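This report concerns only the one structure given below.
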Amino acid sequence: MAVQQLASLTLSDEERTELKALTTRRKTAQALALRARIVLTCAEGGQNKEVAAKLGLGRSTVGKWRRRFVEQRVDGLHDEPRSGAPRTVDDVRIEAMIVRTLESCPENATHWSSRGMAKASGLSVSTVQRIWRAFGRIPPLRAALFGGRERCRSQG
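Going by this note's numbering, the sequence shown opens with residue 794, and the numbers climb by one from there.
Here it is in structure tokens:
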């Protein structure tokens, strides 16, 4: 049986500081904090088996993150992008909806409702709400900034 050589793991002072910060920062994702702990423990010396036992993990998990760190350094500890579902609403439709929100008014209203905009734009209510949320809740803001019903009457 061939013995696999462990990838040597040495840390610079900056890397050690960054990894320690990842393990203690409150907003760090727990998975990332665990990966940083794995690398810090590996840097102290020892084989994957020992590090795995110390942290209560599997040897393959320790080996994976040791390898990723050696190959890509700290950047390798972050999650890789996942494919996910393809977008169903393109930028052109989003832009058209935002322009319509800002530059027109619905009949008998001071600003667009999510249901009204969904019907007018052909998008779902939840999609309209997500887009508005991403752009900072535009309809109420528009009504407040541009004078509500009076502004709409002067446009039409």
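The C-beta atom is built at its ideal place from N, Cα and C for all residues, glycine as well. In this text the structure is predicted, and so the values were computed from the model without any measurement.
Practice item. Mind the definition here: the segment 825-841 touches the segment 881-900 only if three or more C-beta pairs lie below 8 angstroms; say whether that holds. Key: Short answer: they don't touch.
Practice item. Let me know if MET794 comes out buried or exposed under the rule of 16 or more other beta-carbons within 10 Å of its beta-carbon. Key: Residue 794 sits at position 1 when you count from the first residue of the sequence shown. Below a pLDDT of 50, predicted positions are generally treated as unreliable, and MET794, at 45, falls in that range; the measurement from the model is reported next regardless. In summary, MET794 is exposed, with fewer than 16 beta-carbon neighbours lying within 10 Å of its beta-carbon over all protein chains present.
**Study point:** Length of the line joining the Cα atoms of ARG880 and LEU799
**Key:** Along the sequence shown, one-based indexing puts residue 880 at 87. Along the sequence shown, one-based indexing puts residue 799 at 6. Rounded to the nearest angstrom, the two C-alpha atoms are 42 angstroms apart.
**Study point:** Where the alpha helix (DSSP H) containing ASN841 begins and where it ends
**Key:** On the sequence shown, residue 841 is found 48 positions in, with the first residue counted as 1. Residues 841-848.
Review point. Straight-line CA distance for VAL796 to ARG852?
Key: Numbered from its first residue, the sequence shown carries residue 796 at position 3. Numbered from its first residue, the sequence shown carries residue 852 at position 59. Its pLDDT being 49, under 50, VAL796 is placed unreliably in this model, and the coordinates cannot settle the point.
Check your understanding: What is the residue span of the alpha helix (DSSP H) that GLU873 lies within?
Key -> The count along the sequence shown starts at 1 and reaches residue 873 at position 80. Unbroken run through GLU873: none, as it is neither H nor E.
Review point. Quick one: is SER919 buried, meaning 16 or more other Cβ sit within 10 Å of its Cβ, or exposed?
Key: As a first step, residue 919 must be located in the sequence shown, where it is residue number 126. SER919 should be labelled exposed.
Exercise for review: Determine the closest residue to GLU808 out of GLN922, TRP925, ARG866, SER907, with distance taken between C-alpha atoms.
Suggested key: As a first step, residue 808 must be located in the sequence shown, where it is residue number 15. Across the set GLN922, TRP925, ARG866, SER907, the C-alpha of ARG866 shows the shortest separation from the C-alpha of GLU808.
Practice item. To the nearest angstrom, report how far apart LEU827 and PRO874 are at their CA atoms. Key: As a first step, residue 827 must be located in the sequence shown, where it is residue number 34. As a first step, residue 874 must be located in the sequence shown, where it is residue number 81. If I take the Cα positions, the gap works out to 19 angstroms.
Check your understanding: Out of curiosity, what's the CA-to-CA distance linking MET890 and GLY869?
Key -> Position 97 of the sequence shown, counted from the first residue, corresponds to residue 890. Position 76 of the sequence shown, counted from the first residue, corresponds to residue 869. Cα to Cα, the separation comes out at about 39 angstroms.
Review point. Where does the unbroken alpha helix (DSSP H) through SER907 begin, and where does it stop?
Key: Along the sequence shown, one-based indexing puts residue 907 at 114. Here the alpha helix (DSSP H) through SER907 covers 907-914.
**Study point:** Pair within 7 angstroms by beta-carbon distance, LEU825 and LEU815
**Key:** Residue 825 sits at position 32 when you count from the first residue of the sequence shown. Residue 815 sits at position 22 when you count from the first residue of the sequence shown. Contact flag set, yes.
Exercise for review: For THR821, I'd like the list of residues in its chain whose CB is within less than 6 angstroms of its CB, leaving aside the five on either flank, ordered along the chain.
Suggested key: Position 28 of the sequence shown, counted from the first residue, corresponds to residue 821. Excluding positions up to five away in sequence, the list reads LEU815.
Practice item. Out of ASP884, THR903, VAL832, point me to the one whose CA is closest to GLY856's CA. Key: Within the sequence shown, residue 856 is the residue found at index 63, counting from 1. The residue with the shortest Cα to Cα distance from GLY856 is VAL832.
Point to revise | N-terminal and C-terminal residue of the alpha helix (DSSP H) that PHE928 is part of | key: What you label residue 928 is simply residue 135 of the sequence shown in a count that begins at 1. From DSSP, PHE928 is part of no alpha helix (DSSP H); its letter is neither H nor E.
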